[in-house]
Amino acid sequence: MSIEKFRRLVSTVVPLPIENVDTDQIIPARFLKAVERKGFGDNLFRDWRYKKDGTPNPDFVLNNPRYSGRILVAGKNFGSGSSREHAAWAVYDAGFRVVVSSFFADIFKSNVLNNGLLPVQVPDAFLSEIFQIVETDPTAQFEVDLESQTITILKAGISVNFDINPYKKECLLNGYDDIDFLISLKKEIIAFEQV
Amino acid sequence: MILEPKTLFDKIWDAHVVKQVKDGPDVLYIDRHFIHEVTSPVAFLGLEKRGMKVFRPQNTIATPDHNVPTIDQHLPIKEELSRVQVETLKQNCAKNGIELYSLDHKYHGIVHIIGPELGITQPGMTIVCGDSHTSTHGAFGSIAFGIGTSEVEMVFASQCILQPKPKKMRINVEGKLHKDVTAKDIALYVISKISTSGGTGHFIEFAGSAIRSLTMEGRMTLCNMSIECGARGGMIAPDEATFEYIKGREFAPKGEEWNKKLALWKQLKSDDNAVFDAEYQFDASDIEPMITYGTNPGMGVGVSGNIPTGENLTGSDRITFDKSLEYMGFKPGEKIKGKKVDYVFIGSCTNGRIEDFRLFANFVKGKKKADSVIAWIVPGSKKVEQQIREEGLAEIFEAAGFALRQPGCSACLAMNDDKIPEGKYSVSTSNRNFEGRQGPGARTMLASPLMAAAAAITGVVSDPREI
Ligand code: SF4
Numbered sequence: 004m005s006i007e008k009f010r011r012l013v014s015t016v017v018p019l020p021i022e023n024v025d026t027d028q029i030i031p032a033r034f035l036k037a038v039e040r041k042g043f044g045d046n047l048f049r050d051w052r053y054k055k056d057g058t059p060n061p062d063f064v065l066n067n068p069r070y071s072g073r074i075l076v077a078g079k080n081f082g083s084g085s086s087r088e089h090a091a092w093a094v095y096d097a098g099f100r101v102v103v104s105s106f107f108a109d110i111f112k113s114n115v116l117n118n119g120l121l122p123v124q125v126p127d128a129f130l131s132e133i134f135q136i137v138e139t140d141p142t143a144q145f146e147v148d149l150e151s152q153t154i155t156i157l158k159a160g161i162s163v164n165f166d167i168n169p170y171k172k173e174c175l176l177n178g179y180d181d182i183d184f185l186i187s188l189k190k191e192i193i194a195f196e197q198v
Numbered sequence: 342m343i344l345e346p347k348t349l350f351d352k353i354w355d356a357h358v359v360k361q362v363k364d365g366p367d368v369l370y371i372d373r374h375f376i377h378e379v380t381s382p383v384a385f386l387g388l389e390k391r392g393m394k395v396f397r398p399q400n401t402i403a404t405p406d407h408n409v410p411t412i413d414q415h416l417p418i419k420e421e422l423s424r425v426q427v428e429t430l431k432q433n434c435a436k437n438g439i440e441l442y443s444l445d446h447k448y449h450g451i452v453h454i455i456g457p458e459l460g461i462t463q464p465g466m467t468i469v470c471g472d473s474h475t476s477t478h479g480a481f482g483s484i485a486f487g488i489g490t491s492e493v494e495m496v497f498a499s500q501c502i503l504q505p506k507p508k509k510m511r512i513n514v515e516g517k518l519h520k521d522v523t524a525k526d527i528a529l530y531v532i533s534k535i536s537t538s539g540g541t542g543h544f545i546e547f548a549g550s551a552i553r554s555l556t557m558e559g560r561m562t563l564c565n566m567s568i569e570c571g572a573r574g575g576m577i578a579p580d581e582a583t584f585e586y587i588k589g590r591e592f593a594p595k596g597e598e599w600n601k602k603l604a605l606w607k608q609l610k611s612d613d614n615a616v617f618d619a620e621y622q623f624d625a626s627d628i629e630p631m632i633t634y635g636t637n638p639g640m641g642v643g644v645s646g647n648i649p650t651g652e653n654l655t656g657s658d659r660i661t662f663d664k665s666l667e668y669m670g671f672k673p674g675e676k677i678k679g680k681k682v683d684y685v686f687i688g689s690c691t692n693g694r695i696e697d698f699r700l701f702a703n704f705v706k707g708k709k710k711a712d713s714v715i716a717w718i719v720p721g722s723k724k725v726e727q728q729i730r731e732e733g734l735a736e737i738f739e740a741a742g743f744a745l746r747q748p749g750c751s752a753c754l755a756m757n758d759d760k761i762p763e764g765k766y767s768v769s770t771s772n773r774n775f776e777g778r779q780g781p782g783a784r785t786m787l788a789s790p791l792m793a794a795a796a797a798i799t800g801v802v803s804d805p806r807e808i
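As given, the protein sequences belong to chains A and B, one line each in that order. Add 3 to the 1-based position in the first sequence for the numbering used here, that's all there is to it. Add 341 to the 1-based position in the second sequence for the numbering used here, that's all there is to it.
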């Protein structure tokens, strides 16, 4: 089994300039009742995205036709709160492949990486720059290149590097799955248990 | 040879590393794996797709807790999706030979309550669960942390997970706590000081005389909340209180085995010169009963204090602050005391243990619940429920106008019917006050069982020391 490979992406972005977006906002608990991993994208940011009567809230960015793309850009400390991987599934299922923020919560970060989604952590100033640029020009294109670990605002020609664990980078570039890797270590694990 | 001084965290972690991946995470062996109905089904499905069974079912313990009803538990669960999840857990456990404490079992309860109370949680262990509040078990001097569903599948498949080693932080709380200041208040105080991301990337060791003075249940409350400052988990070095608590419990070591284990557990502490990546000092006497006014657990104030004005905030910090107060229907600079309360929830893996109910009962004894308040009293487990009855607390509750419900996560995350209605105010002993956490539009104020009791009696946010 494997995860989706990721190498390079050029796309417009969807801006969400809110801080501390917690996993209850990404996907509220009442939508965690599936026993299969599908359909979570429809409930991404559910309570912000839809009004109480279930109709789309035109003020929310995902319902704003000006914005589209496969890169989600959010305010700092994105994904805090629960360990629910449903949050990562919802973001992925809604079509995103990259999430950009100036800070990610730990569990969320490892969850997205395990699902072929790339978390790109950028400096606060760069994040503000992105928000400003897309505010005036929602069609602005961004490039995310995993090999060189850079994100570039193509229009402005400015880029920054981002960090990623070298092992996780290999996994994403090649679509490797952690579970396969662990299964391959069975002998060593059994030996460890015996001491 | 001089050995480098190590932290408690290092000692336990290093003893569980099966292999170090070059430039990558460690392969960490897991001693205990707790599972529940919400984050396990997709992992079981993944395992099945690989044609595999759970590798070490004897190290896995299951309980349905997140979406179970808290009344009429003997009846089939009405809501279909919840029923399917609980049913699926049962089937998956049967297929894989995993011990399941289902609703009718005498050990049933919230996963982080039953592990310690049955003596399954022990010092020096590595413990994981697909639930962020797994940090609770760190109170015993174990490394315990929440994981995602992919990681649950890793543990199913190999009893290991791949984890980069986190950084280490020590939080020292020295001195004597004032009367009516509880472990929950320490937690809310610390988070209000270091923020909800202050601990990110770190594992916390709590130390200092105020921490030592806490009971095991208080320590669990504190470690439970450690995740709310962004940390992977929190831990406290085991001591006599720890050993005393474990001794004699169902799954605790017995006889010769006990003596062997005890000798090992006594060595579990950070070396004197161990170095932490970050360290904080707090004075216990600065802490008063705390309550939150906003939509993350870092937005807390002492009960006699005011909601901050937010004056010094700029940019997105200001936007986030304003948005939060707007959601709560509060104004900057207002007093928190006297705010109207519609609901009171006492329970959850943070404050759903017997001491919490004793504290609550002791306060409400001989008083009457405010008519305007709806209160949900939800024990963390069957055993806690039984104790509440045996100690006569149930009668005290009843006389004061409160009804006891059955164990489960309940209004902590409102996956069952226990939802706070839109716009209503709840004083809750749980751990998260995020928008909609207790139901769409619910407004949550986090506090200790004592603060919850005071609110339930007066119908407004009150200082328990003044009643
Ligand atoms: S009580 Fe709340 S925090 Fe604890 S396990 Fe249940 S849902 Fe999670």
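All C-beta atoms, glycine included, are put in the ideal place defined by N, C-alpha and C.
Sequence-distant residues of its chain with Cβ nearer than 8 Å to B/A546 (five each side left out): Position check: residue 546 of chain B holds Glu in this sequence, whereas Ala was assumed. Taken in chain order, the residues that qualify are T348, L349, F350, K509, M510, R511, I512, G575, M576, I577, A578, S611 and F617.
Is A/F165 close to chain B? Criterion is C-beta to C-beta, closer than 7 Å. Contact with chain B is absent for A/F165, since none of that chain's Cβ atoms lies less than 7 Å from the residue's Cβ.
When the distance is taken between beta carbons, is B/H415 closer than 7 Å to B/V496? Between B/V496 and B/H415, the CB-CB gap reaches or exceeds 7 Å.
Does B/Q727 get closer than 7 Å to chain A when you measure Cβ to Cβ? So, not an interface residue.
Using alpha carbons as the reference points, say which of B/V452, B/V358 and B/Q426 lies closest to A/F195. With distances taken between Cα atoms, A/F195 lies closest to B/V358.
Check: B/L754 C-beta below 6 Å from any heavy atom of the ligand SF4: Yes; taking the cut-off as 6 Å, the Cβ of B/L754 has a heavy atom of the ligand SF4 nearer than that.
Can you tell which of B/I353, B/D683, B/A741 and B/N703 has its C-alpha closest to the C-alpha of B/K809? Outside the modelled stretch of chain B, which goes from 342 to 808, sits residue 809 of chain B, for which no answer is possible.
Checking contacts by CB at 7 Å: is A/L185 closer than that to chain B? With 7 Å as the cut-off, A/L185 counts as an interface residue toward chain B.
Under 7 Å between the Cβ atoms of B/I535 and B/P638? Going by C-beta atoms, B/I535 is not nearer than 7 Å to B/P638.
Hey, which unbroken runs of the alpha helix (DSSP H) at 4 residues or more fall wholly within the segment 595-664 of chain B? Complete alpha helix (DSSP H) runs here, min 4: 596-606.
Beta carbon of B/G489, beta carbon of A/N114: below 7 Å? Closer than 7 Å, so yes.
B/L444 versus B/N653, B/H407 and B/T650, residue with shortest Cα-Cα distance: B/L444 has its Cα closest to that of B/H407, out of B/N653, B/H407 and B/T650.
Three-state class that DSSP yields for A/Y179 in the structure shown: Looking at A/Y179 - three-state DSSP - the assignment turns out to be coil, as it is neither helix nor strand.
Is any heavy atom in the ligand SF4 found nearer than 6 Å to the beta carbon of B/D472? Correct: B/D472 has its Cβ closer than 6 Å to the ligand SF4.
Name the DSSP beta bridge partners of A/W92, please? Residue pairing by DSSP places A/W92 in no beta bridge whatsoever.
Selection from B/G646, B/I729, B/E732 and B/A716 that minimises the alpha carbon distance to B/F743: That would be B/A716, whose Cα lies nearest to the Cα of B/F743.
What residues of chain B sit near A/A108, judged by a beta carbon separation below 7 Å? Within chain B, the C-beta atoms nearer than 7 Å to that of A/A108 come from T541 and G571, in chain order.
Give me the Cα-Cα distance between B/S789 and B/Y530, rounded to the nearest whole angstrom. Taking the straight line from one Cα to the other gives about 12 Å.
Chain-ordered residues of the segment 342-366 of chain B with a beta carbon less than 7 Å from chain A: In summary, the residues of the segment 342-366 of chain B whose CB is separated from some CB of chain A by less than 7 Å are V359, K360, V362, D364, G365 and P366, in the order they occur in the chain.
State yes or no: is the C-beta of B/I628 within less than 7 Å of the C-beta of B/V644? Contact: no.
Can you tell me where the alpha helix (DSSP H) holding B/K352 begins and where it ends? That run of the alpha helix (DSSP H) goes L349 to A356.
Give the residues from the segment 766-785 of chain B that approach chain A closer than 9 Å (Cβ to any Cβ), ordered along the chain. R773, F775, E776, G777, R778, G780, P781 and G782: these are the residues of the segment 766-785 of chain B whose beta carbon lies less than 9 Å from some beta carbon of chain A, given in chain order.
Kindly indicate the opening and closing residues of the beta strand (DSSP E) around B/C470. Note, B/C470: beta strand (DSSP E), T467 to C470.
Skipping 5 residues on each side, what residues in its chain have a beta carbon closer than 7 Å to that of A/F107? Excluding residues within five positions, the ones whose Cβ falls inside 7 Å are F81, G82, P122 and Q124.
Taking just the CA atoms, how far does B/G549 sit from B/L518? Per the coordinates, the alpha-carbon of B/L518 lies some 12 Å from the alpha-carbon of B/G549.
B/N433, DSSP secondary structure in three states: For B/N433, the secondary structure class from DSSP, reduced to helix, strand or coil, is helix.
Decide yes or no for the touch test of the segment 471-482 of chain B against the segment 365-380 of chain B: beta carbon pairs closer than 8 Å, at least 3 of them. Three or more Cβ pairs closer than 8 Å define a contact, and the segment 471-482 of chain B meets that threshold against the segment 365-380 of chain B.
In this structure, how does DSSP classify B/T785 when only helix, strand and coil are distinguished? DSSP, read as helix, strand or coil, puts B/T785 in strand.
Taking the continuous beta strand (DSSP E) assigned at B/H543, which residues delimit it? H543 to A548 is the span of the beta strand (DSSP E), which, as asked, contains B/H543.
Go through its chain and collect everything with a Cβ distance to A/L176's Cβ below 8 Å, but skip five positions before and after it. These residues qualify, in order along the chain: K8, F9, R10, L149 and E150.
Please determine whether the Cβ atom of B/I451 lies at a distance below 6 Å from any heavy atom of the ligand SF4. The answer is yes for B/I451.
Residue range of the alpha helix (DSSP H) that B/C564 falls in? Start and end: M557 to M566.
So if DSSP puts A/A77 in a beta bridge, which residue, or which two residues, is it bridged to? In DSSP, A/A77 forms a bridge with A/L19.
What alpha helix (DSSP H) runs, 4 residues minimum, are completely inside the segment 711-740 of chain B? For the alpha helix (DSSP H) assignment, the uninterrupted runs of no fewer than 4 residues enclosed by the segment 711-740 of chain B are, from N- to C-terminal side, 723-731 and 734-740.
May I have the straight-line CA-CA distance separating B/S499 from B/V383, to the nearest angstrom? If you take the alpha carbons of B/S499 and B/V383, they lie about 16 Å apart.
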